[in-house]
Amino acid sequence: MSDPADPSLMTRLTGKTALVTGASRGIGRAIALRLAGDGATVAVHFGEREDAAKDTVAEIERHGGSAFAVRAKLGSDDAVGALFDGLAAGLGERPLDILVNNAAYGDLAALFQGSIEAVTARQIDEVFAVNVTAPLLIIQRALQLMPDGGRIVSVSSVSARMAAPFQLAYGMSKGAIEVMTRALAHELGARGITVNAVAPGATDSNINAALQDPDLRERLSELSALRRIGRPEEIADAVGFLASDDARWITANIVDASGGAFLGPIQ
Ligand SMILES: NC(=O)c1ccc[n+]([C@@H]2O[C@H](COP(=O)([O-])OP(=O)(O)OC[C@H]3O[C@@H](n4cnc5c(N)ncnc54)[C@H](OP(=O)(O)O)[C@@H]3O)[C@@H](O)[C@H]2O)c1
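In the working numbering, the protein residues as written are 1 to 267.
(1) Among 157, 147, 187, 167, which residue has its Cα nearest to the Cα of residue 174?
(2) Considering just the uninterrupted stretch of the beta strand (DSSP E) at residue 256, what are its terminal residues?
(3) With distances taken from CA atoms, which of 41, 70, 242 is nearest residue 53?
(4) Shorter than 7 Å, the distance from the beta carbon of residue 104 to the closest heavy atom of ligand 1, or not?
(5) Just curious, the alpha helix (DSSP H) that residue 139 is in, first and last residue?
(6) Classify residue 76: buried if its beta carbon has 16 or more other beta carbons within 10 angstroms, exposed otherwise.
(7) Tell me which same chain residues have a C-beta within less than 6 Å of the C-beta of residue 29, skipping the five on either side of it?
(8) Checking 8 Å against the spacing of the C-beta atoms, do residue 12 and residue 237 come in under that value?
(9) Confirm, please, whether the CB-CB distance from residue 102 to residue 21 is below 8 Å.
(10) Can you tell me the Cα-Cα spacing of residue 251 and residue 185, whole angstroms?
(11) With burial defined as no fewer than 16 other Cβ atoms inside 10 Å of the residue's Cβ, what is the status of residue 159: buried or exposed?
(12) Who are the Cβ neighbours of residue 84 in its own chain at under 7 Å, not counting the five residues just before and after it?
(13) Which first and last residues belong to the beta strand (DSSP E) in which residue 69 is found?
(14) Whose C-alpha, out of 181, 129, 256, is nearest the C-alpha of residue 80?
(15) Within its chain, find whatever has a CB closer than 6 Å to the CB of residue 99; leave out the 5 residues flanking it on each side and keep chain order.
(16) At what residues does the beta strand (DSSP E) containing residue 154 begin and finish?
(17) Just reading off the alpha helix (DSSP H) that residue 98 is part of, what are its end residues?
(18) Which of helix, strand or coil does DSSP assign to residue 63?
(19) Please report how far the alpha carbon of residue 262 lies from the alpha carbon of residue 224, in whole angstroms.
(20) Kindly give me the distance between the Cβ atoms of residue 136 and residue 180, rounded to whole angstroms, as I take these residues to be in contact under 8 Å.
(21) Using the C-alpha atoms, what's the distance from residue 146 back to residue 66?
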């Protein structure tokens, strides 16, 4: 059995590079910290919150890791080009070994008004531009930099497998991410590249500021088999595993990281 105190376990991504989208805050920040802690040089992508992205980079460096920040507001026409310009500036001649598609549409007010009565064409377009089109185009560009044996992990949601009528466009976008994951795993297997997704349930982050309400927290906690809200680090651990060599035989998987949310009626 491996010894958890073995320092080699903490450096198993030494020499690797990773891009984590939406790594200024929340789950993406935790993923960036985890991959950097495992030894990877991490590109910390952000949209608007440069201060928060710099804070993620500083936290990584404080622990002896290596990172740099990259700005690109996903959803706009030139976003993917800007992202890869920034990535090239930080990586230099190095390849990109690991891509984590984590950033997602963050307008909470719009997300929670996504019922069939309220949803609009504009909302669907905006959500899909950030949650579906951007990750696909980022993968397309990343493949030019990724060596055989690379890793692609996308962050989905339990919203793809449960009925959340008020999150229609968001849930549909995460369903698309899961279809993309299986299709690309099939196609990229020839290059030894694995493609997986992690699907969190309710997790403490900025997107879920509503979770500060104790009543909602209690109700959502009761919907998971483990009876609590997830922590960003718990999603990051699943991503860290999928990015590692330990997961070399795992591809096309949607790893549920929700503490067993929405499994059935609670007794
Ligand atoms: N939290 C949950 O309960 C939960 C549950 C299931 C799935 N998820 C998924 O987990 C992932 C992370 O969510 P989170 O809760 O950590 O969100 P969060 O705390 O709101 O952080 C979102 C991150 O994405 C970036 N981002 C958002 N829109 C962007 C855009 N248009 N362009 C560039 N960057 C953008 C933000 O950058 P800035 O800081 O610069 O704005 C930020 O770094 C998402 O895919 C989400 O759907 C979350």
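The beta carbon of each residue, even a glycine, is placed where N, CA and C say it ideally should be.
Taking the geometry as given:
(1) The option with the nearest alpha carbon to residue 174 is 157.
(2) For residue 256, the uninterrupted beta strand (DSSP E) segment begins and ends at 254-257.
(3) It is 70.
(4) Result yes, Cβ under 7 Å from ligand 1.
(5) Taken as a continuous stretch (DSSP letters only), the alpha helix (DSSP H) holding residue 139 covers 134-142.
(6) Of the residues assessed, residue 76 falls on the exposed side of the cut-off, its CB having fewer than 16 other CB atoms within 10 angstroms.
(7) Within the same chain, residue 29 has close Cβ partners 23, 56.
(8) Cβ atoms of residue 12 and residue 237: not closer than 8 Å.
(9) A contact, by the Cβ cut-off of 8 Å.
(10) Distance between the alpha carbons of residue 251 and residue 185 is about 6 Å.
(11) The Cβ neighbour count for residue 159, taken over all protein chains shown within 10 Å, is at least 16; the residue is labelled buried.
(12) For residue 84, same chain residues with a beta-carbon under 7 Å away, outside a window of 5 residues either side, are 141 in chain order.
(13) Where residue 69 is concerned, the enclosing beta strand (DSSP E) stretches over 66-71.
(14) Considering only alpha carbons, the answer is 129.
(15) These residues qualify, in order along the chain: 19, 142, 152.
(16) The continuous beta strand (DSSP E) containing residue 154 extends over residues 151-155.
(17) No alpha helix (DSSP H) contains residue 98, which is instead part of the beta strand (DSSP E) from 98-101.
(18) In the displayed model, residue 63 falls within coil according to three-state DSSP, outside both helix and strand.
(19) The alpha-carbon atoms of residue 262 and residue 224 are separated by roughly 6 Å.
(20) With a Cβ gap of about 6 Å, residue 136 and residue 180 count as contacting.
(21) The C-alpha of residue 66 lies about 19 Å from the C-alpha of residue 146.
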